[in-house]
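Taking it in order: structure first as structure tokens, then the write-up.
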Amino acid sequence: MSLPRSPAALDALRRQVRLIELADSASGRVLPFGVEAIDERLPGQGLAMGALHEVAGGAEGALHGAAAASFAAGILARADGPVLWCLRQRDLFAPALAQAGLPPKRVIFAEAGDEAAILGAMEEGLKYRGLAGVVGEVAKLSMTASRRLQLAAEKSGQMAIAIRRWRRIADAADLGQPTAATTRWRVSALPSSPLPTAGVGRARWLLELMRCRAGEAFDIEIEACDAKGHLRLPTAVADRSVAPQPGQERAAA
Amino acid sequence: MVPGLVLHDLDADGDAAALHRLALWAQRLYSPVASPDAPDGLVIDATGAAHLRGGEEKMLIDIRSRLEKVGLQSHVAIADTWGAAHAVARYSRRAIYVVDPSVIGRVISDLPVAALRLPASTVEALGRLGFDTIGELEATPKGPLAHRVGYAPVRRLDQAFGRHAEPIEPVMAPETLTARRAFAEPIGAPETMARYVTQLVAELCAALEAVSLGARRLDAYFVRVDNRTETARIAMASPTRDARRLARLLCERLEYVDPGFGVEKIILAAPGAESLVFKQTDSLGDSDAPTDLSALVDTLTNRLGAGQVYRLASAESDLPERSVRAAPALDAVEEFSWPLDWPRPTRLFARPEPVETVALLPDAPPAAFTWRGVRRRVRCADGPERVFGEWWKADAELARSRDYYQVEDDSGERFWLYRDGDGEDPATGTQRWFIAGIFA
């Protein structure tokens, strides 16, 4: 049998492979951000549901992971169903989750003493159908651990989000290590646009998609989640992608 | 002379019955293996059970405070052997004593011979021979000693020092449903144990179904050939008799069960079973029903420990650190009283950290602040949000107030700072600045 050489035949083959992959992963479902500038650059026009996604904070956010947690909460706020949130220290402030669209009735917390227990709890949650997704706050995410989570997520069609949070800034270079996650995001704080009066405006993030399976990396300046978990493009930079600010370049990967 | 003295006749049977009830209570709360230690004590095998109460010392404190609430004075001790714990609880001066395994010999050596659970006549005989403390008894050759006063002191010594095993026969409430299986040949392979546990769970669930009960707790006792009993316990958030789910939860605990040279009997008990009646459901699929999370919650709770799986619900308080409370994971938490339009940080520090600030008094936000050695210039700020002390909680809070500010530094990081006090009146606080949390 001769190999198909024409581009049309190759395209057909690619489509077929894609279909097999979709059938395999139980869910070709995606969760759109509702921001065209992000969705159109993601495969499937949105964030894959049955997949593991990594989120880390930039600069000091690598330590406290506040923006990363808020970004994750905003994503799951737009999905249906309860959320399992696995953490090591009880410093997540529930009123802020409610403000990002995750009220108390939708979140169950599981507090574990060590990272292995967190990964185990995440996997257990992913096996359990009926959740919107599972969030875990971890520092280390090995290839094996991420592969397990990715497979569990593919099987059940629920989203897994690993918030990477380290104890020291120096450890944050760990984000360059490969994992089996479908996407890897980094969220860093940017100065908000000045208001005409005194006060603080809506928070603004530099959202970097550092790695994306079957997709291109990009970065975008975006305004933080509203009460329903929706992001918004800053009005002043409607369609323009901004160069990274000094001090927020990519970690040497 | 004691004028108010009230005398009661000894009611030995009544005391024994009360002690039995207390043992059942301890079994429900602390560990499957609990038993009366007649005439005046309880013995609990805390192996593998203390972590559910946050550690051995916390468990002892918990036991003591609960007993105190019902008017019982107690001395509690934890040690490697029943004999040692018995002696330390009764004859050491401390009310709560966690005896370190490395010093156990020294600690009990100083205690009187009476601490060894011997009949009064034997203690008296030992006293006549000149033995006052356990240490003296331990130092003498055992053979001549057994000739003179009998074998009992030697056996008690061996038990106290852990040379001789002493199984604790757990209490069982008469109404507890059990399923048991004895083996002609001892079993030990993990798969074999899992298989029999699964069979017993199925039997027990059938028995529960017959009387419309659901298990809230399952205790499995593994009686080993060397006469020790290993236990595994699982707890459920809601009554259930789903055999597959219970078997899965129980089999997960089997890795903590040491079969030793083999297990010759497995007993499965469902103490404190609760009513669980059949419910008619929509055969077409009830799509509006909320997702049943109890299986997931049970799995995680049994793995991570009680109180580690929870919801965060709102509490009626304006102070941020008091406005959140942990609620049981299966509670329906519909309402919350947190403000949706006031700034609330994503991370709230358990302990606010002091910061150095440059700020105008009385109510301007800081122009710059130094936190963890880094100086940050404040680009813009919002506030103050004034929170008053809760005088109904503590007198000291009567005049106190705090002013919260949301500030953004040059790089865009946002922080929640507060000043302890209103900036004018010293009675309202120390007027020092703290960082309470970090925004997204």
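Note that the protein sequences, when read in sequence, are chains A and B. Here the first sequence stands for residues 15 to 267, numbered as in this note's numbering. Here the second sequence stands for residues 255 to 694, numbered as in this note's numbering. We put the beta carbon where it would ideally sit given N, CA and C, even for glycine.
Chain A residues whose Cβ lies nearer than 9 Å to that of Thr219 (chain B): Nothing can be reported for residue 219 (chain B), as the shown portion of chain B is limited to 255 through 694.
Identify whether Ser39 (chain A) lies in helix, strand or coil by the three-state DSSP scheme. In the first sequence, the residue the question calls residue 39 (chain A) occupies position 25. Low local confidence applies: a pLDDT of 49 at Ser39 (chain A) is under 50, so the model's placement there is unreliable, with the coordinate-based value given in what follows. The answer is coil: DSSP assigns Ser39 (chain A) none of H, G, I, E or B.
For Phe515 (chain B), count the other beta carbons within 10 Å of its own beta carbon; 16 or more makes it buried, fewer makes it exposed. Which is it? As a first step, residue 515 (chain B) is located in the second sequence; it is residue number 261 there, counting from the start. Burial call: exposed.
For a cutoff of 8 Å on Cβ pairs, would you count Phe107 (chain A) as touching chain B? Taking the first sequence and counting its residues from 1, one reaches residue 107 (chain A) at position 93. Yes, Phe107 (chain A) lies at the interface with chain B (some Cβ there is under 8 Å from its Cβ).
Using a Cβ-Cβ cut-off of 6 Å (strictly less than) and excluding sequence neighbours within five positions of Ser156 (chain A), which residues of its own chain qualify? As a working mapping, residue 156 (chain A) is identified with position 142 in the first sequence. So no residue of the chain qualifies.
Could you spell out the range, first to last residue, of the alpha helix (DSSP H) harbouring Arg344 (chain B)? Residue numbering aside, residue 344 (chain B) sits at position 90 when the second sequence is read from its first letter. Here the alpha helix (DSSP H) through Arg344 (chain B) covers Trp336 to Tyr345.
Indicate whether the contact test is met: 3 or more Cβ pairs, each with one atom in the region 431–447 of chain B and one in the region 345–358 of chain B, closer than 8 Å. no
With a threshold of 8 Å between beta carbons, is Ser39 (chain A) in contact with chain B? Your numbering for residue 39 (chain A) matches position 25 in the first sequence. With a pLDDT of 49 at Ser39 (chain A), under the threshold of 50, the modelled position of that residue is not reliable, and no figure is offered here.
Note down, in chain order, all residues in the region 551–563 of chain B with a beta-carbon under 8 Å from any beta-carbon belonging to chain A. Val551, Thr553, Leu554, Arg557, Leu558, Gln562 and Val563
Does DSSP put Gln453 (chain B) in a helix, a strand or coil? Reading the second sequence from its first residue, position 199 is the one you call residue 453 (chain B). The answer is helix: DSSP assigns Gln453 (chain B) an H, G or I state.
Do you know how far the Cα of Leu573 (chain B) is from the Cα of Asp649 (chain B)? For the purposes of this step, residue 649 (chain B) is identified with residue 395 of the second sequence, where counting begins at 1. For the purposes of this step, residue 573 (chain B) is identified with residue 319 of the second sequence, where counting begins at 1. Straight-line Cα distance between these residues: approximately 16 Å.
Buried or exposed: where does Ala654 (chain B) fall if 16 or more other Cβ atoms within 10 Å of its Cβ makes it buried? By one-based count along the second sequence, residue 654 (chain B) stands at place 400. Before going further, note that residue 654 (chain B) is Arg rather than Ala in the sequence given. Buried, by the Cβ-count rule.
May I have the straight-line CA-CA distance separating Leu458 (chain B) from Ala280 (chain B), to the nearest angstrom? Indexing the second sequence from 1 puts residue 458 (chain B) at position 204. Indexing the second sequence from 1 puts residue 280 (chain B) at position 26. Each residue's alpha carbon lies about 23 Å from the other.
Counting only Cβ pairs nearer than 7 Å, list the residues of chain D close to Pro117 (chain A). Of the chains in the structure shown, none is chain D; the protein chains are A and B.
Candidates B:Tyr475, B:Ser568, B:Ala501 and B:Asp546: which alpha carbon is nearest Ile521 (chain B)'s? Your numbering for residue 521 (chain B) matches position 267 in the second sequence. The residue with the shortest Cα to Cα distance from Ile521 (chain B) is B:Tyr475.
C-alpha gap between Glu378 (chain B) and Arg347 (chain B), whole angstroms: Position 124 of the second sequence, counted from the first residue, corresponds to residue 378 (chain B). Position 93 of the second sequence, counted from the first residue, corresponds to residue 347 (chain B). Glu378 (chain B) and Arg347 (chain B): Cα-Cα distance of roughly 23 Å.
Considering only residues of the same chain and omitting the five flanking positions on each side of Leu504 (chain B), which have a CB-CB separation below 7 Å? For the purposes of this step, residue 504 (chain B) is taken as residue 250 along the second sequence, with counting starting at 1. Hits under 7 Å: Val451, Val455, Leu472, Ala474, Ala486 and Ile488.
Are the C-beta atoms of Glu68 (chain A) and some chain B residue less than 8 Å apart? One-based indexing of the first sequence puts residue 68 (chain A) at position 54. Taking Cβ atoms only, chain B never reaches closer than 8 Å to Glu68 (chain A), which makes this a no.
Contact check, Leu566 (chain B) vs Ala527 (chain B), beta carbons under 8 Å: If you number the second sequence from 1, residue 566 (chain B) lands on position 312. If you number the second sequence from 1, residue 527 (chain B) lands on position 273. Against a cut-off of 8 Å, the Cβ pair of Ala527 (chain B) and Leu566 (chain B) comes out as no contact.
Cβ of Ala583 (chain B) within 8 Å of any chain A Cβ: Taking the first residue of the second sequence as position 1, residue 583 (chain B) is located at position 329. Chain A contact via Cβ: present.
Quick one: Cα of Val324 (chain B) to Cα of Arg318 (chain B), how far? Along the second sequence, read from residue 1 onward, the residue named residue 324 (chain B) stands at position 70. Along the second sequence, read from residue 1 onward, the residue named residue 318 (chain B) stands at position 64. Looking at the two C-alpha atoms, the distance is approximately 10 Å.
Classification of Asn556 (chain B) by the beta-carbon crowding that lies within 10 angstroms, buried from 16 upward: Within the second sequence, the letter at position 302 stands for residue 556 (chain B). Buried, because 16 or more other Cβ atoms sit within 10 Å of the Cβ of Asn556 (chain B).
Could you tell me which chain B residues have their CB closer than 8 Å to the CB of Gly243 (chain A), listed as they occur along the chain? For the purposes of this step, residue 243 (chain A) is taken as residue 229 along the first sequence, with counting starting at 1. The contacting residues do not exist; Gly243 (chain A) stays about 12 Å from chain B at best.
Given this structure, state the Cα-to-Cα distance separating Ile362 (chain B) from Glu463 (chain B), to the nearest angstrom. The residue you call residue 362 (chain B) lines up with position 108 of the second sequence. The residue you call residue 463 (chain B) lines up with position 209 of the second sequence. Taking the straight line joining both Cα atoms gives about 50 Å.
Distance, Ala83 (chain A) Cα to Phe603 (chain B) Cα: What you label residue 603 (chain B) is simply residue 349 of the second sequence in a count that begins at 1. What you label residue 83 (chain A) is simply residue 69 of the first sequence in a count that begins at 1. Each residue's Cα considered, the two are about 15 Å apart.
Identify, in the order they occur along the chain, each residue of the same chain with its Cβ nearer than 7 Å to the Cβ of Ser39 (chain A), setting aside the five sequence neighbours on each side. On the first sequence, position 25 is the one that residue 39 (chain A) refers to. No answer about Ser39 (chain A) holds up, because its pLDDT of 49 lies below 50 and its placement is not dependable.
Helix, strand or coil for Trp634 (chain B)? Go by DSSP, reduced to three states. Here the question's residue 634 (chain B) lines up with position 380 in the second sequence. For clarity, residue 634 (chain B) is Cys in the given sequence; the question names Trp instead. Strand at Cys634 (chain B).
Since Asp480 (chain B) contacts Ala419 (chain B) with CB under 8 Å, what's their CB separation in whole angstroms? Against the second sequence, residue 480 (chain B) aligns to sequence position 226. Against the second sequence, residue 419 (chain B) aligns to sequence position 165. Confirmed, Cβ separation roughly 7 Å.
To which residues of the same chain is Ala267 (chain A) closer than 6 Å at the C-beta, ignoring the five residues directly before and after it? Locating residue 267 (chain A) in the first sequence gives position 253, where the first residue counts as 1. Low per-residue confidence applies at Ala267 (chain A): pLDDT is 37, beneath 50, and the placement is therefore not dependable, though the value from the model is reported in the following sentence. For Ala267 (chain A), where only same-chain residues beyond five positions count, the Cβ hits under 6 Å are Gly190.
If we count Cβ pairs, one from each stretch, closer than 8 Å, do we get three or more for the region 673–683 of chain B versus the region 602–617 of chain B? yes
Beta-ladder partner(s) of Lys323 (chain B), from DSSP: In the second sequence, counting from the first residue as 1, residue 323 (chain B) sits at position 69. Answer is none; Lys323 (chain B) lacks a bridge partner.
Contacts of Glu138 (chain A) in chain B (Cβ-Cβ under 9 Å): Counting from one through the first sequence, the residue named residue 138 (chain A) turns up at place 124. Within 9 Å Cβ-Cβ: Leu550, Thr553, Leu554 and Arg557.
Thr196 (chain A) versus Asp233 (chain A): straight-line alpha-carbon distance, rounded: The count along the first sequence starts at 1 and reaches residue 196 (chain A) at position 182. The count along the first sequence starts at 1 and reaches residue 233 (chain A) at position 219. Distance between the alpha carbons of Thr196 (chain A) and Asp233 (chain A) is about 17 Å.
Where are the beta strand (DSSP E) runs, 3 residues long or more, that stay fully inside the region 409–478 of chain B, in chain order? 431–441 and 467–478
Please determine if the region 220–233 of chain A and the region 90–110 of chain A are in contact, where contact requires at least 3 C-beta pairs separated by less than 8 Å. no
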